[in-house]
Amino acid sequence: MLDVIRETAAFIRAEVGEMPEIGIILGTGLGDLVNHMEIRKELDYKVIPNFPVSTVEGHSGKLIFGELGGKYVMAMQGRFHYYEGYDMKQVTFPVRVMKELGVETLFVSNAAGGMNKEFKVGDVMIITDHINLFPENPLRGKNYNELGPRFPAMTEAYSDEMIRKADEIGEKNNLRLMHGVYVGTPGPTFETPAEYEYFRIIGGDAVGMSTVPEVIVANHAGMKVFGVSVITDLGGKDIKEVPSHEEVQKAAVTAQPVMTTLIKELLASL
């Protein structure tokens with residue numbers, strides 16, 4: 070595993086040169102953020118050794134290097150999901166490679182269904198914590214001390230400092246920013262009304278099919294993490310709307326101005 074990570078990192082370093090200390094993972098419908106970047110270099114996933122290839126509509130499948138918010142960043146336009154058939158090592162492989170390349174701060178974004186009664190479609194939710202309901206943990210199996218400790222703490226999986234900064238940015242720019250706990254599930258089915266109620270009862274505010282494995286591995290590697298969800302649909306026993314992937318993408322696009330302002334200014338504050 071270590072050799073594979075190093076092989077991939079060496080290829081990227083040879084292709085790109087200077088490496089950033091900030092990584093961004095862009096989820097469904099949120100890839101437009103790269104249009105605000107001053108791009109230096111793009112690499113298709115298919116040319117990167119050992120990289121999976123995203124099969125989900127709305128996920129472009131590119132690793133992009135450039136300036137955003139006055140900072141040099143590496144952005145994944147498209148991620149890998151457990152429901153696509155990848156195992157957890159593959160899903161989180163890019164995070165391992167980012168760490169090998171020198172990334173110390175990771176931004177993660179996703180589209181999520183909301184069950185908090187205060188949420189509206191199009192809201193942006195700062196992730197304060199998560200609940201892991203995936204059937205497998207990405208750290209299961211042999212632990213490599215070079216990658217992180219056997220039993221990593223998840224007490225502050227999402228950086229309190231960055232959450233405070235995001236709130237200050239939201240207040241300054243009059244942005245509607247919600248806070249909440251993200252529930253990670255394997256998918257690919259959208260949730261039943263009863264499942265939405267269950268997730269709400271156990272402490273969840275939004276639910277999705279990604280992010281949690283990546284955040285676990287990032288914390289294992291000692292990265293600082295900031296996470297944000299776009300609420301693309303609402304669920305529960307009192308809501309009978311039927312979500313679709315197309316509606317999720319559309320709702321994510323409407324939230325992009327808030328997302329762009331937040332991420333750019335948060336990057337500038339680092």
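The sequence shown begins at 70 in this note's numbering and counts up by one. Even for Gly, the Cβ is constructed at its ideal location relative to N, Cα and C. Model, not experiment: these values are computed from the prediction.
Could you tell me whether the Cβ atoms of residue i and residue j are closer together than 8 Å?
{"i": "Val113", "j": "Gly86", "result": "Per the sequence shown, the amino acid found at residue 113 is Asp instead of Val. Not closer than 8 Å, so no."}
{"i": "Gly30", "j": "Phe259", "result": "Since the first residue shown for the chain is 70 and the last is 339, residue 30 is missing from the structure and cannot be characterised."}
{"i": "Phe149", "j": "Val160", "result": "yes"}
{"i": "Ala235", "j": "Val166", "result": "no"}
{"i": "Phe172", "j": "Met145", "result": "The amino acid at residue 172 is misidentified as Phe; the sequence shows Val. Going by C-beta atoms, Val172 is not nearer than 8 Å to Met145."}
{"i": "Tyr251", "j": "Gly277", "result": "yes"}
{"i": "Pro262", "j": "Gly304", "result": "yes"}
{"i": "Leu202", "j": "Thr254", "result": "yes"}
{"i": "Leu170", "j": "Arg269", "result": "no"}
{"i": "Gly96", "j": "Ser228", "result": "no"}
{"i": "Gly249", "j": "Thr323", "result": "no"}
{"i": "Glu283", "j": "Ile94", "result": "yes"}
{"i": "Leu335", "j": "Met231", "result": "yes"}
{"i": "Asp302", "j": "Ala290", "result": "no"}
{"i": "Pro257", "j": "Tyr141", "result": "no"}
{"i": "Met157", "j": "Glu205", "result": "yes"}
Should residue i be labelled buried (16 or more other beta-carbon atoms within 10 Å of its own) or exposed?
{"i": "Thr174", "result": "buried"}
{"i": "Ser313", "result": "exposed"}
{"i": "Tyr265", "result": "buried"}
{"i": "Leu71", "result": "exposed"}
{"i": "Lys168", "result": "buried"}
{"i": "Gly139", "result": "exposed"}
{"i": "Ala337", "result": "exposed"}
{"i": "Pro89", "result": "buried"}
{"i": "Val116", "result": "exposed"}
Suppose the cutoff is 8 Å on Cβ atoms and the five residues either side in sequence are ignored; what does the same chain contact list for residue i look like?
{"i": "Met247", "result": "Asn185, Glu187, Phe188, Asp192, Val193, Met194, Ile195, Asp274, Ile300"}
{"i": "Met11", "result": "A query on residue 11 cannot be resolved here, the shown segment of the chain reaching from 70 to 339 and no further."}
{"i": "Lys333", "result": "His105, Leu137, Gly138"}
{"i": "Glu76", "result": "Pro118, Asn119"}
{"i": "Ile238", "result": "Leu244, Thr330, Leu331, Glu334, Leu335, Ser338"}
{"i": "Asn212", "result": "Pro218, Arg219"}
Quick one: residues in its chain with C-beta nearer than 7 Å to the C-beta of residue i, no 5 flanking neighbours on either side, listed in chain order?
{"i": "Asn288", "result": "Pro221, Met223, Ala226, Val294"}
{"i": "Ile74", "result": "Arg165, Val166, Glu169"}
What would DSSP say about residue i, mapped onto helix, strand or coil?
{"i": "Phe176", "result": "strand"}
{"i": "Met143", "result": "strand"}
{"i": "Val190", "result": "coil"}
{"i": "Val122", "result": "coil"}
{"i": "Met167", "result": "helix"}
{"i": "Tyr227", "result": "coil"}
{"i": "Met247", "result": "strand"}
{"i": "Arg219", "result": "coil"}
{"i": "His150", "result": "coil"}
{"i": "Arg109", "result": "strand"}
{"i": "Asp274", "result": "coil"}
{"i": "Phe295", "result": "strand"}
{"i": "Glu136", "result": "strand"}
{"i": "Ile117", "result": "coil"}
{"i": "Leu102", "result": "helix"}
{"i": "Gly92", "result": "strand"}
{"i": "Leu303", "result": "strand"}
{"i": "Thr77", "result": "helix"}
{"i": "Thr280", "result": "coil"}
{"i": "Asp198", "result": "strand"}
{"i": "Gly239", "result": "helix"}
Within its chain, find whatever has a CB closer than 6 Å to the CB of residue i; leave out the 5 residues flanking it on each side and keep chain order.
{"i": "Glu107", "result": "Gly135, Glu136"}
{"i": "Pro121", "result": "Phe149, Tyr155, Gln159"}
{"i": "Val286", "result": "Thr161, Val164, Pro207"}
{"i": "Arg109", "result": "Phe134, Gly135"}
{"i": "Val281", "result": "His199, Asn201, Gly253"}
Tell me, please, whether the segment 213-223 touches the segment 177-194 by the rule of three or more beta-carbon pairs shorter than 8 Å. Contact check between the segment 213-223 and the segment 177-194: fewer than three CB pairs, one atom from each, fall below 8 Å, which does not count as touching.
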